[in-house]
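Inspection log for the structure reproduced underneath, given as structure tokens.
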Amino acid sequence: MTTISRHFFGDSEKTAFSISIVENMKEDYGLFVWPCSIVLAEYVWQQRSRFSGNDVVELGAGTCLPGLIAAKVGSNVTLTDDANRLEVLENMRTVCDLNKLKCEVLGLTWGVWDASIFSLHPKIILGADVLYDARAGHHLIEFLMVKWGLKCVKLLDGFSLLPSDKATRLSGNIQLAEIVLSHEQIEETSSSGAR
Numbered sequence: 001m002t003t004i005s006r007h008f009f010g011d012s013e014k015t016a017f018s019i020s021i022v023e024n025m026k027e028d029y030g031l032f033v034w035p036c037s038i039v040l041a042e043y044v045w046q047q048r049s050r051f052s053g054n055d056v057v058e059l060g061a062g063t064c065l066p067g068l069i070a071a072k073v074g075s076n077v078t079l080t081d082d083a084n085r086l087e088v089l090e091n092m093r094t095v096c097d098l099n100k101l102k103c104e105v106l107g108l109t110w111g112v113w114d115a116s117i118f119s120l121h122p123k124i125i126l127g128a129d130v131l132y133d134a135r136a137g138h139h140l141i142e143f144l145m146v147k148w149g150l151k152c153v154k155l156l157d158g159f160s161l162l163p164s165d166k167a168t169r170l171s172g173n174i175q176l177a178e179i180v181l182s183h184e185q186i187e188e189t190s191s192s193g194a195r
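When the letters of the sequence shown are read in order and numbered with our numbering, they come out as residues 1 to 195.
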């Protein structure tokens with residue numbers, strides 16, 4: 001069954017805008033809005049000044065709610081999902097058109113690297129529930145953090161970000177991690193670029 005859900009963003013006094021999402025409630029992961037996506041979208045909205053004007057990539061975007069919020073607040077957004085899931089990629093394009101937002105849609109399969117991914121230079125990378133499958137390996141995050149000199153600067157309870165009307169409609173345990181280049185890595189990168 002295909003439906004259109006509407007997601008509202010604004011402050012407690014008034015709604016600033018809404019985003020419409022085409023959802024298909026069959027068992028295909030990328031075709032319905034996951035609770036983590038709602039929490040991450042709210043985070044993007046609340047941190048909108050950090051997103052405005054920046055290049056953003058959303059990994060495993062599915063219905064792409066966080067990426068659409070980033071586009072709405074002024075980011076240049078690339079939405080990605082599994083290159084083999086054409087129905088999901090087409091739905092992403094449809095949702096962008098429905099909301100009158102311009103985002104690049106790119107097929108990107110975990111572990112398959114091609115030139116298109118290396119041409120992206122995002123300032124911010126978003127991912128909501130990208131490691132939902134135990135086979136995806138949470139140890140991969142730790143490996144990449146060490147390899148790339150990344151550091152977790154915030155770990156937030158997702159429900160603490162949500163307005164009460166949104167929080168009451170969701171269940172589970174949702175956490176947000178903000179991972180950045182470590183301070184030493186940032187200094188090393190800037191000093192090597194200055195030569």
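We put the CB at the ideal spot given by N, CA and C, even for glycine.
Extent of the continuous alpha helix (DSSP H) to which residue i belongs
i: Thr109; result: First-last for Thr109: undefined, no H or E at that position.
i: Ala71; result: 65-72
i: Asp97; result: 86-98
i: Ser52; result: It is not in any alpha helix (DSSP H) - Ser52 carries neither H nor E in the DSSP assignment.
Reduced DSSP category for residue i - H, G, I as helix; E, B as strand; rest coil
i: Met1; result: coil
i: Phe9; result: strand
i: Asp82; result: coil
i: Lys102; result: coil
i: Lys123; result: coil
i: Val146; result: helix
i: Trp34; result: coil
i: Gly137; result: Note that Gly137 scores a pLDDT of 48, beneath 50, so its modelled location is shaky; the value from the coordinates is reported in the next line. DSSP places Gly137 in coil when its eight states are reduced to three.
Integer-rounded CB distance, given that residue j should sit under 8 Å from residue i
i: Val95; j: Thr63; result: 7 Å
i: Asp82; j: Thr109; result: 5 Å
i: Val33; j: Ser52; result: The pair is not a contact, with the Cβ atoms about 23 Å apart (cut-off 8 Å).
i: Ser103; j: Val77; result: In the sequence as displayed, the identity of residue 103 is Cys instead of Ser. Contact flag correct, Cβ pair sits at about 4 Å.
i: Leu68; j: Leu101; result: 6 Å
i: Leu126; j: Val22; result: 20 Å between Cβ atoms; not a contact.
i: Leu98; j: Ser20; result: 5 Å
i: Glu42; j: Lys166; result: 7 Å
i: Leu79; j: Ala61; result: 4 Å
i: Val105; j: Leu89; result: 6 Å
Where the beta strand (DSSP E) through residue i begins and ends
i: Val57; result: 55-59
i: Ser20; result: 15-24
Chain C contact for residue i (CB, 8 Å cutoff)
i: Cys152; result: No chain C is part of this structure, which consists of one protein chain only.
Residues that DSSP places opposite residue i in a beta bridge
i: Lys166; result: According to DSSP, Lys166 bridges with nothing at all.
i: Val44; result: According to DSSP, which records beta bridges pairwise, Val44 is partnered with nothing at all.
Closer than 7 Å: residue i CB and nearest the ligand HEM heavy atom
i: Gly107; result: The ligand HEM is not part of the structure shown, which contains no ligands of any sort.
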